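This report refers to the structure that appears directly beneath it.
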């Protein structure tokens, strides 16, 4: 069963995919979007869904540290509802608190990558961490 993890922001969506058995997550790419103009990258997402035969989406929920929900949680849930309707694939949600911080730390410590280059891969790595945390919790 292939799952796709999504780190939804206002300008990008980080995308990760599980292996066919659902044990590990790999970062795929970052889809540029423009939330303000209602451009959500659904065409590219659809291509990836078809190519990988995705059976479930896992969307990160950026909750506040005190476990409350803010506007970004609502935006992520709205995105999840749109893709569920559009693709007819179930959506589950994964708490993503600190995944971007964790991804940033991993890139700084392990890769010694410049800030500009980190910015280009951070959302993809965050999506990978969201999906891997979900897989670890579920399986």
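In full-length UniProt numbering, the protein residues as written are 1 to 139.
The C-beta atom is built at its ideal place from N, Cα and C for all residues, glycine as well.
If you're wondering where the values come from, they're calculated on a predicted model, not measured in any experiment.
- In the three-state reduction of the DSSP assignment, residue 130 falls in the helix class, which pools H, G and I.
- Pairing residue 79 with residue 3 gives a Cβ-Cβ distance that is not under 9 Å.
- Residue 25 has its alpha-carbon roughly 6 Å from the corresponding atom of residue 131.
- Of 122, 137, 81, 65, the smallest CA-CA separation from residue 13 is found for 122.
- With a threshold of 16 other beta carbon atoms within 10 Å, residue 127 meets it and is buried.
- In the DSSP assignment, residue 86 falls within the alpha helix (DSSP H) that extends over 71-87.
- For residue 57, the enclosing beta strand (DSSP E) begins and ends at 54-61.
- Taking a 10 Å sphere around the C-beta of residue 11, we find fewer than 16 other C-beta atoms and assign the residue as exposed.
- A direct Cα-Cα distance of roughly 10 Å separates residue 53 from residue 20.
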